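**Q** One structure is given below, represented as structure tokens, and several questions about it will come after.
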Ligand SMILES: Nc1ncnc2c1ncn2[C@@H]1O[C@H](COP(=O)(O)OP(=O)(O)OP(=O)(O)O)[C@@H](O)[C@H]1O
Ligand SMILES: [Mg+2]
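Chains as they are written, first to last, in my numbering: chain X, 6 to 423; chain B, 1177 to 1409.
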């Protein structure tokens, strides 16, 4: 028997029991759709995170206090021991020195804390950052109106604030024409001097939902740290994306000298965008595999459904198999017949499942867009290939046992079967 | 002599738990090409077993069997399938038509396994015409009477132009009038096409119409009675 003929005959026979074939196909449809949708969501999450990390700039570095999380442990179990020193404004100034660190374009220290902003009864909780004028340069901030924090505000320890557009929206109901208003942060009055341009979601919470005040003011009044010049994080801009590794070396050397730490026991951590990318890639990779694995299990269950139905079908059609053998069907003809049926079931299920999974991914994307999330599920060709081949293999694998059972029936016995 | 069947010392033993059931014991006979022959005998005497063995559905436990010049005893399953396909046309008591398929589809079935790609439809149509079902080709089995269904089965048996037709109680599920029509059809095909015909039957009237009767008793040929010998119809 030729292949097309086998396919045609299998379709004929599947068509003869529509309800049963349909339900069996449904099992595969659900499995494949789940795999496609889950992988799409996982890939979408990965792309959205990668995108937002990339959007912060390829030549940006972050310096934190404290030893690297996976660096070599310090003496005893205290990692860097008692010598650990926080980052300070002086560290920031040293790193910003173009002679000490030629690969560093500029450095912006910051301290951060959460605070409640109120205006005329409306209030909103957001991240309050104490920053220096360099911050807007390093982070590429653009102002929709007004100005950013300058040296004068710093020196005067002035109570001025630059708002993210979302924060402005939250307390004023609109983001324009608010410069000059006075709001209260943690009860203290601050004058709004600028509003930022909306940037969309970022990797570390939305930059649109934030409030920036002069570093000196934050240190003095809002976000108290142990010493006057202690900072939480230092944003560093390298001269170019290529000079990022050089900048890392230069910053490390400067800080090791200044903090007098022994070799290999750093009390600071430098993150580059590449570090973030690979960290998040690992996380989302695990997430994707996990989601895909769960979906794969449902595909497996669908495959067992195929096997079940094929076994029932072989038993029901024992006489038919006997007859076909009497008429001259060889083992491989019968094998081919039943394998074609099971493969067709899973193939049809696979095709419908791909479309269905695509639809789910699309709907998820629409919902995400409607709720303002910058997230698009991505149906990759790899996911399609993976689930098609997986479902085809499942159809074959779970079809082989019933089919070989059919093929090995003795014609006389089969013909006598009631 | 031109033998279609040469069976020598055929024995078929079924193992039933502790016991061996000898369904055929040392049976030897020959059948001439173009002959019409009936096999009779009480229930359980081994008629169906003999048919299955002669039709290559089952292999004898021992003995030698030559069908249309081919020695069957050493063949493997696939070779047997091929012999059944080319040389044997079966007609069963219970018709054994596939209800999914039309009359035409059922008749085409053996051709599907012949590796034949062209002209299947035409041959199936010709076979259905030969059994008088020209205007029932696209009917499905449940749209046909019992007699018509058995005619479709006969058409299926002759579609591949076999050396012989084997009919195991072909009238068992039909009333006597329709049964007679089927037997007449089989006999006329035997006469017109020269296809060897072997009918298993309990009906002496049917047996009377064939040239020879083989009587089985307890798996052996009862040689004391050989009816119709020499009667050429
Ligand atoms: N598959 C089998 N396993 C065990 N014994 C069997 C099997 N098939 C047939 N037999 C035995 O072989 C003997 C012959 O059976 P067979 O079916 O050939 O009889 P029969 O002449 O066709 O009877 P009937 O007229 O009732 O159809 C019986 O005793 C039967 O029990
Ligand atoms: Mg019988």
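All C-beta atoms in this analysis are idealised placements derived from N, C-alpha and C, irrespective of residue type, glycine included. In this text the structure is predicted, and so the values were computed from the model without any measurement.
By Cβ distance below 6 Å, which residues in the same chain neighbour residue 82 of chain X in space, the five residues on each side in sequence not counted?
**A** Here the model assigns residue 82 of chain X a pLDDT of 39, short of 50, so the residue's position is not dependable and the matter cannot be decided.
**Q** Quick check on residue 1195 of chain B: buried or exposed, where buried means 16 or more other Cβ atoms within 10 Å of its Cβ?
**A** So residue 1195 of chain B counts as exposed.
**Q** So that I know if they touch, is there some Cβ in chain B lying closer than 8 Å to that of residue 328 of chain X?
**A** True, the Cβ-Cβ gap to chain B drops below 8 Å.
**Q** Which two residues bound the contiguous alpha helix (DSSP H) that contains residue 1285 of chain B?
**A** Unbroken alpha helix (DSSP H) run through residue 1285 of chain B: 1279-1288.
**Q** Have a look at the DSSP bridge pairing and note the partners of residue 1393 of chain B.
**A** BP columns for residue 1393 of chain B point to B/1396.
**Q** Would the stretch 348-355 of chain X count as touching the stretch 29-41 of chain X if we require 3 or more Cβ pairs under 8 Å?
**A** The stretch 348-355 of chain X is in contact with the stretch 29-41 of chain X.
**Q** Along the chain, where does the alpha helix (DSSP H) that runs through residue 1318 of chain B open and close?
**A** Segment: none, residue 1318 of chain B is in no alpha helix (DSSP H) and carries neither H nor E.
**Q** Roughly how many angstroms lie between the CA atoms of residue 1388 of chain B and residue 1370 of chain B, to the nearest whole one?
**A** If I take the Cα positions, the gap works out to 16 Å.
**Q** According to the neighbour-count rule (16 or more other Cβ atoms, all chains shown, within 10 Å of its Cβ), is residue 21 of chain X buried or exposed?
**A** Residue 21 of chain X should be labelled exposed.
**Q** Can a CB atom of chain B be found closer than 8 Å to the CB of residue 416 of chain X?
**A** It does: the Cβ of residue 416 of chain X has a partner Cβ on chain B nearer than 8 Å.
**Q** Taking 8 Å as the CB-CB cut-off, is residue 331 of chain X touching chain B?
**A** Yes, its Cβ sits closer than 8 Å to a Cβ of chain B.
**Q** Are the C-beta atoms of residue 53 of chain X and some chain B residue less than 8 Å apart?
**A** No, residue 53 of chain X does not count as interfacial toward chain B.
**Q** Anything in chain X within Cβ reach of residue 1241 of chain B, meaning under 9 Å, just list it in chain order.
**A** By Cβ distance, chain X contributes nothing, its closest Cβ being about 15 Å from residue 1241 of chain B, past 9 Å.
**Q** Find the nearest neighbour of residue 1243 of chain B within the set B/1259, B/1234, B/1237, judged by alpha-carbon distance.
**A** Answer by Cα proximity: B/1259.
**Q** Looking at ligand 2, does it come within less than 7 Å of residue 1234 of chain B, judged from the CB to the closest heavy atom?
**A** Because no heavy atom of ligand 2 lies under 7 Å away, the Cβ of residue 1234 of chain B does not count as near it: no.
**Q** At a CB-CB cut-off below 8 Å, which residues of chain B make contact with residue 335 of chain X?
**A** Under the 8 Å cutoff, chain B gives 1253, 1254, 1257, 1258, 1289.
**Q** Relative to ligand 2, is the shortest distance from any of its heavy atoms to the C-beta of residue 1223 of chain B smaller than 7 Å?
**A** Because some heavy atom of ligand 2 lies under 7 Å away, the Cβ of residue 1223 of chain B counts as near it: yes.
**Q** Straight-line CA distance for residue 385 of chain X to residue 45 of chain X?
**A** About 7 Å.
**Q** With residue 1414 of chain B as the anchor, note down where its beta strand (DSSP E) starts and where it stops.
**A** No answer is possible for residue 1414 of chain B: the residues shown for chain B start at 1177 and end at 1409.
**Q** Tell me the residue span of the alpha helix (DSSP H) that contains residue 105 of chain X.
**A** First-last for residue 105 of chain X: undefined, no H or E at that position.
**Q** In the structure shown, what three-state DSSP assignment does residue 214 of chain X receive?
**A** Coil.
**Q** Buried or exposed for residue 1219 of chain B, going by 16 or more other Cβ atoms inside 10 Å?
**A** By the 10 Å Cβ count, residue 1219 of chain B comes out exposed.
**Q** Say whether chain X places a C-beta atom closer than 8 Å to the C-beta of residue 1272 of chain B.
**A** True, the Cβ-Cβ gap to chain X drops below 8 Å.
**Q** Do residue 345 of chain X and residue 50 of chain X have their CB atoms nearer than 8 Å?
**A** No, Cβ-Cβ distance for residue 345 of chain X and residue 50 of chain X is not below 8 Å.
**Q** Spell out whether any CB of chain B is found under 8 Å from the CB atom of residue 27 of chain X.
**A** Output row for residue 27 of chain X: interface = no.
**Q** With a cut-off of 8 Å, does the C-beta of residue 1317 of chain B fall near any C-beta of chain X?
**A** No, no contact with chain X.
**Q** Can you tell me the Cα-Cα spacing of residue 282 of chain X and residue 402 of chain X, whole angstroms?
**A** When rounded, the distance between both Cα atoms is 39 Å.
**Q** Helix or strand or just coil, what does DSSP make of residue 117 of chain X?
**A** Residue state, collapsed to three classes: strand.
**Q** Using a Cβ-Cβ distance cut-off of 8 Å, determine whether residue 1392 of chain B contacts chain X.
**A** Judged by the 8 Å Cβ criterion, residue 1392 of chain B is not in contact with chain X.
**Q** Between residue 315 of chain X and chain B, is the shortest Cβ-Cβ distance under 8 Å, so that the two count as touching?
**A** False, the Cβ-Cβ gap to chain B never drops below 8 Å.
**Q** Please tell me whether, using a cut-off of 7 Å, the distance from the CB of residue 1343 of chain B to the nearest non-hydrogen atom of ligand 4 is below it.
**A** Judged by which ligands are present, ligand 4 is missing from the structure shown, whose ligands are ligand 1 and ligand 2.
**Q** If you reduce the DSSP assignment to three classes, tell me which class residue 270 of chain X lands in.
**A** If DSSP states are grouped into helix, strand and coil, residue 270 of chain X belongs with coil.
**Q** Is residue 1310 of chain B buried or exposed, if buried means 16 or more other CB atoms sit within 10 Å of its CB?
**A** Residue 1310 of chain B should be labelled exposed.
**Q** So is the beta-carbon of residue 1220 of chain B under 7 Å away from any non-hydrogen atom of ligand 1?
**A** Checking every heavy atom of ligand 1 against the Cβ of residue 1220 of chain B, one is found closer than 7 Å.
**Q** Could you check if residue 253 of chain X is buried or exposed, using at least 16 other CB atoms within 10 Å of its CB as the buried criterion?
**A** Result: buried.
**Q** According to DSSP, is residue 291 of chain X helix, strand or coil?
**A** Looking at residue 291 of chain X - three-state DSSP - the assignment turns out to be helix.
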